[in-house]
Amino acid sequence: MDSYQDTLFKLKKFWAGRGCVIQEPYDVEVGAGTMCPETFLRVLGPKPYNVAYVQPSRRPADGRYGENPNRLYKHSQLQVILKPAPANVMDLYLESLEAIGINLSQHDLKFEEDNWESPTLGAWGIGWQVMLDGLEITQFTYFQQCGGVDLDLVPSELTYGLERLTAFLQDRKSVYDIEWVKGVSYGDVRFREEQQFSVYNFEMADTAMLWQLLDIHEKESQRLIDAYHAIDAETGLHDKKRFPLLAAYDHVLKCSHTFNLLDARGAISVTERVGVIGRVRRLAVGTAMAWCDQQRLLATEVAA
Amino acid sequence: MSERLPFLFELGVEEIPHWMITPALAELEKLFAAFLEENRLGCGAVRLDATPRRLVLRADGIEPRQQDREEVVMGPPKSAGPGAAMGFAKKNGVAVEDLGTETTAKGEYFALRRTVTGKATKELLSAALPALIARIPWPKAMYWTGKDGVRFIRPIRWVACLLGDQIVEFEGAGIRSGALSCGHRRMGSCEIAFDHTNYEERLKKNGVILSAAERKNRIESGIKKVLKGTGYTLVADAALLDDLVYLTEFPTPILGSFDPKFLDLPREVLTTVMRHHQRYFTLSAADGSMAPAFVAVMNIKGDRLGYVRKGNERVLEARFNDARFFWEFDQQKPIATRVDGLKSVTFQARLGSYHDKAGRMKELAASLAQKLGADEAACVRAAELAKCDLTTEMVKELTELQGVMGGLYARSQGEPEEVAQAIYSHYLPQSMEDPIPPTLTGQVVSLADKLDTLTACFSIGMIPSGSKDPFALRRAAQGVVKILVEGRLALSFDGLPKELSDFLWDRVRYYFRDIRNFRYDEINAVLAASPANLVDCEDRLFALRMVRQTENFEPLAGSFKRISNILKQAGLRAGDVRIDLLEHEAEKTLYDEVEQLQPQVQACIASRDYIRALQMIATLRPAVDRFFDDVLVNAPDPGVRANRLSLLGLILNAFSSVADFSEIVTESTSESSNPSSQN
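If you read the protein sequences in the order shown, they are chains A and B.
For the first sequence, our numbering gives the first residue as 6, with consecutive numbering after it.
For the second sequence, our numbering gives the first residue as 16, with consecutive numbering after it.
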């Protein structure tokens with residue numbers, strides 16, 4: 006039996022063998038691997054890119070104090086972006102399952118319609134949830150739009166739910182019983198984190214401070230976006246090309262995570278909710294637009 | 016003529032959402048028929064099949080080429096002279112001698128008769144198929160080859176297209192058509208050679224059952240097999256069966272079980288998790304209770320090692336554990352204390368929260384309860400709590416259980432059964448197949464909910480038009496109609512805004528015609544007599560349908576139509592009948608009968624005995640017939656004539672209050688061209 010980390014290694018190795026850049030997790034809190042710049046920004050524009058990374062994904066409202074065997078505040082996704090999606094992407098995906106020891110002739114696999122959408126990111130795609138013996142193990146999406154921008158090349162996004170997948174492989178009823186490495190369980194590594202962050206997220210997070218943080222990050226992100234647009238493309242071309250839009254995007258991620266914390270704390274009414282999602286989306290879309298513009302400028306430089 | 020050729024077209028697609036497949040096949044069939052017609056190609060039977068990964072169209076025999084046809088090209092008039100003829104000949108690439116003449120109404124013209132050679136079907140198909148594929152409509156299409164590329168439901172990955180033994184060549188979305196098919200993702204090869212005779216067989220060898228009927232059969236017989244000897248029976252579910260037919264290429268049912276300890280969770284929760292979330296069939300034990308087992312349908316041939324069963328069982332257990340967590344967690348905050356929480360659940364941006372809606376529902380429920388003689392306190396309490404389950408974890412997770420969960424929580428938390436039952440069932444009926452809420456309190460709360468939604472949406476101009484009906488107001492209105500009729504609730508639409516009551520009457524017509532199969536003229540006749548409410552409306556329709564079958568009724572209805580026409584044509588306002596002006600025996604008899612019948616009919620109507628009333632009216636037929644046979648309405652004497660019209664007016668007024676018979680379409684009324692000409 007492979008340990009949790011063996012399975013991770015195998016998946017990374019599999020995709021590395023298919024030409025993917027193997028990235029490390031992004032070091033800003035995100036709710037899903039899709040939000041990392043390696044996906045959100047890389048899928049924009051005409052440049053092909055293949056990347057895979059494990060991304061710990063934090064969803065404060067999903068926390069269960071470590072008491073629910075299947076739900077986690079922070080779970081890990083293996084995120085694979087193939088841009089553009091190769092024609093045999095489905096076959097590659099099936100091979101990746103075989104690579105981690107799933108003999109597909111002995112299991113039932115179904116692709117059930119599930120179109121992914123993130124209102125906060127202005128992003129959506131068409132795809133499936135992949136069901137293995139009745140268990141959803143992967144979200145498979147052909148991105149259509151990101152940051153409100155129609156994508157030039159259609160990437161395929163594969164998001165593997167690693168805890169579920171490993172619990173399946175190791176035949177464990179609780180994710181906490183997964184063997185992380187021989188002699189060390191998932192619970193040994195992560196239980197305290199689930200417990201303490203559940204306490205913090207649900208009971209102790211200072212909502213007044215969170216609202217302030219939301220404002221601060223929003224302002225900073227917007228300030229940068231505005232500053233980018235204020236630079237004249239002729240006279241300030243150099244500044245424009247090196248402009249820190251990546252930093253602007255980090256602040257978008259901070260906003261998104263702060264919003265999730267407020268939400269878990271029950272501090273956002275439904276009426277406010279729509280408004281706050283709108284604020285974050287405006288920033289995400291603003292960054293995406295500016296990013297596309299910057300990519301164009303950089304591309305002409307290469308061409309010239 | 017050369018022999019017709021078999022045609023096969025297989026479009027290989029990544030997994031198409033199951034619910035879109037049947038409609039797409041129907042569209043493909045239509046598009047292909049249009050292609051044949053446009054190109055005047057004869058074709059034998061066309062057959063369509065599909066699995067999640069392929070749409071297949073096969074035709075028994077298509078003509079290999081269009082028939083040659085004669086074409087006449089009209090040239091200049093003969094009077095224009097030989098110069099014009101030469102120009103015309105040159106333009107068409109023929110010699111002047113080849114021209115003939117054609118005579119038309121306008122004179123003689125130069126003309127060219129020529130034979131147009133028919134095109135080869137294969138070329139026509141090559142040219143037409145890419146556009147034909149692109150024209151299959153889908154609810155939500157995607158692009159995959161790039162921003163301006165082809166759009167389809169999912170990426171197209173292969174196309175096999177054969178006419179006779181030749182490939183119909185074309186290219187689209189980066190795919191070239193070929194002669195190879197592709198099998199099951201794991202049980203088949205992806206380069207299957209085949210011909211027209213062995214196509215299905217080759218697919219089956221490669222793990223694909225092409226025919227939906229055969230897949231369905233396989234599921235049904237497989238279920239029988241796995242249940243044999245278990246003592247369990249299948250809870251039949253036709254919709255789920257259809258879903259599974261189009262989710263699989265090689266379906267095989269397996270039996271799984273779960274720990275009986277979960278059976279103490281509400282059956283509704285267990286069923287929803289199994290049926291809607293896992294697509295399992297549920298099973299009953301011998302005593303009718305839920306069995307701790309399920310049937311899952313795999314997309315492979317077998318599960319010899321039991322891995323698939325075990326996997327599905329584990330997933331189900333995890334889901335049931337979640338459900339138990341929600342059930343226990345939600346109970347910590349009783350439903351009755353969740354009313355304030357509705358303030359943060361939006362009903363509609365401009366219409367406020369569910370808290371606002373619940374407030375309106377309470378008032379409406381109170382007034383409906385008074386009008387309908389329901390238990391007012393129970394109705395108001397149920398209306399107040401009806402939406403509270405929207406804040407529970409269970410409903411957030413299993414949204415299809417809204418209402419049901421509220422009812423279950425209310426019951427387990429000690430609300431009166433009447434209240435719990437009403438909350439439980441207040442979303443009913445969600446479709447015309449659904450039953451209405453079983454209790455009067457439930458019916459009142461359901462009406463209050465739906466009427467509030469309708470009134471509120473109409474008040475801000477959210478009125479459905481065409482196919483646009485985002486708030487499902489038609490369904491809500493249909494629900495209102497169904498509850499009123501089937502619950503026999505005598506509620507009038509008086510006092511509703513005109514737009515809304517028109518909308519409801521429209522649904523009334525739909526309901527009686529499409530759901531209850533009344534004829535449209537019967538509905539017109541009854542609605543023209545302004546029934547007080549839908550109960551009254553149904554009684555009249557029922558009576559009309561009964562009495563219509565008796566021998567005197569339709570002829571009498573024909574006479575009423577005639578009377579109505581005569582009066583319309585005369586344009587006279589009918590006054591009182593003067594006995595002294597009744598000259599003819601037939602009109603005297605008629606008048607006497609009418610006078611005698613009228614109070615009896617009125618009495619029947621007053622006691623709502625519409626059948627008796629109509630039967631009585633039908634007895635008038637001989638007298639009416641004799642009147643029309645023997646009496647000339649258009650008498651020379653204006654006084655007599657006016658009196659006869661008054662008599663007819665009296666009949667029409669007296670006997671049209673159950674239904675306006677002149678609306679009834681009978682053979683005689685549809686044939687009689689001008690009734691008054693006979694008078």
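All C-beta atoms in this analysis are idealised placements derived from N, C-alpha and C, irrespective of residue type, glycine included.
Quantities reported herein were computed from a predicted structural model and do not represent experimental measurements.
- Straight-line CA distance for E537 (chain B) to Q613 (chain B)? 22 Å
- Task: Thinking R563 (chain B) and E569 (chain B) are a contact (beta carbons under 8 Å), I'd like their distance in whole angstroms, please.
- Result: 7 Å
Bounding residues of the alpha helix (DSSP H) (the contiguous stretch that carries G166 (chain A))
Where G166 (chain A) is concerned, there is no enclosing alpha helix (DSSP H), although the beta strand (DSSP E) it sits in stretches over 161-166.
Buried or exposed (CB count within 10 angstroms, at least 16 for buried), L156 (chain A): buried
Report the option in B:C403, B:Q445, B:S446 whose CA atom is closest to the CA atom of A425 (chain B).
B:C403
Checklist entry - Would you call the segment 285-304 of chain B and the segment 324-334 of chain B touching, i.e. three or more CB-CB distances under 8 Å? => result Cβ pair count under 8 Å is three or more, so yes.
Quiz prompt | Own chain partners of D449 (chain B) with C-beta closer than 7 Å, once the 5 adjacent residues on each side are dropped | solution = L443
P74 (chain A): buried (16+ other C-beta within 10 angstroms of its C-beta) or exposed?
buried
Residues of chain A with CB closer than 8 Å to the CB of Q293 (chain B), please, in chain order.
G139
Amino acids of chain A, ordered along the chain, whose beta-carbon sits closer than 8 Å to that of K1 (chain B) = Residue 1 (chain B) lies beyond the residue range present for chain B, which begins at 16 and ends at 694; the question has no answer from this structure.
message = Tell me whether the segment 149-164 of chain B and the segment 71-86 of chain B touch, counting them as touching only if at least three CB pairs, one residue from each stretch, are closer than 8 Å.
response = no
Which of the three DSSP states is assigned to Q615 (chain B) in this structure? helix
- Message: Quick check on L87 (chain A): does DSSP put it in helix, strand or coil?
- Response: strand
**Asked** Between which two residues does the beta strand (DSSP E) carrying L63 (chain B) extend?
**Response** Residues 61-66.
- Message: So, under 8 Å CB-CB, Q111 (chain A) and L320 (chain B) are touching, yes? Tell me the CB distance rounded to an integer number of Å.
- Response: 6 Å
Count the other C-beta atoms from every protein chain shown that fall within 10 angstroms of the C-beta of A341 (chain B), then say buried if there are 16 or more, exposed otherwise.
Note on identity: in this sequence residue 341 (chain B) is Phe, with Ala being the wrong assignment. Buried.
Neighbouring residues, chain E, relative to L405 (chain B) (Cβ below 7 Å):
Absent from the structure: chain E. Protein chains present are A and B.
Does the Cβ-Cβ distance between A638 (chain B) and T681 (chain B) come in under 7 Å?
no
Any beta carbon of chain A sitting closer than 7 Å to that of K162 (chain B)? yes
- request: Assign F14 (chain A) to one of two classes, buried (16 or more other C-beta atoms within 10 Å of its C-beta) or exposed (fewer than that).
  value: exposed
Around the C-beta of E223 (chain A), are 16 or more other C-beta atoms found within 10 angstroms, so that it is buried, or is it exposed?
Burial state of E223 (chain A) is buried, judged by a 10 Å Cβ sphere holding 16 or more other Cβ atoms.
**OP:** For S685 (chain B), collect the residues of the same chain with a Cβ closer than 8 Å to its Cβ; drop the 5 residues on either side in sequence, then sort them by chain order.
**Re:** Note that S685 (chain B) has pLDDT 46, beneath the 50 cutoff, so the model's placement of it is unreliable and the number below is only indicative. Closer than 8 Å at Cβ, skipping near neighbours: no residue.
* Residue range of the unbroken beta strand (DSSP E) whose run includes W185 (chain A) -> Residue range 184-186 is occupied by the beta strand (DSSP E) that includes W185 (chain A).
For S94 (chain B), which three-state DSSP category applies?
Under the three-state reduction of DSSP output, S94 (chain B) falls in the helix class.
Would you mind sorting M376 (chain B) into buried or exposed? The rule is 16 or more other CB atoms within 10 Å of its CB.
buried
P89 (chain A) and P53 (chain A) look like a contact to me (Cβ under 8 Å); what is the Cβ gap, rounded to whole Å?
6 Å
Q) If you run the structure through DSSP and keep just helix, strand and coil, what is E123 (chain B)? A) strand
(request) Give every residue of the same chain whose Cβ lies closer than 6 Å to the Cβ of S141 (chain B), excluding the five residues on either side of it in the sequence, and list them in chain order. (result) V183, E184, F185
Taking D157 (chain A) as the query, report the chain B residues whose CB atoms sit under 8 Å from its CB, ordered along the chain. Those within 8 Å of D157 (chain A) in chain B are G161, K162.
Rounded separation between T245 (chain B) and I238 (chain B) - CA only: The alpha-carbon atoms of T245 (chain B) and I238 (chain B) are separated by roughly 12 Å.
* **Limits of the alpha helix (DSSP H) - the one that S101 (chain A) falls within** => 94-104
Point to revise | Interface residues of chain A facing L320 (chain B) [CB-CB closer than 7 Å] | key: Per Cβ cutoff of 7 Å: Q111.
query: Ordered along the chain, which non-local residues of its own chain (more than five positions away) have a Cβ less than 6 Å from that of A650 (chain B)?
result: R656
Alpha-carbon spacing of I183 (chain A) relative to Q144 (chain A), whole angstroms: 22 Å
Exercise for review: Can you say whether D32 (chain A) is buried or exposed, counting buried as having 16 or more other CB atoms within 10 angstroms of its CB?
Suggested key: exposed
Discussion item. Taking CB distances under 7 Å as the criterion, tell me whether F116 (chain A) reaches chain B.
Written reply: yes
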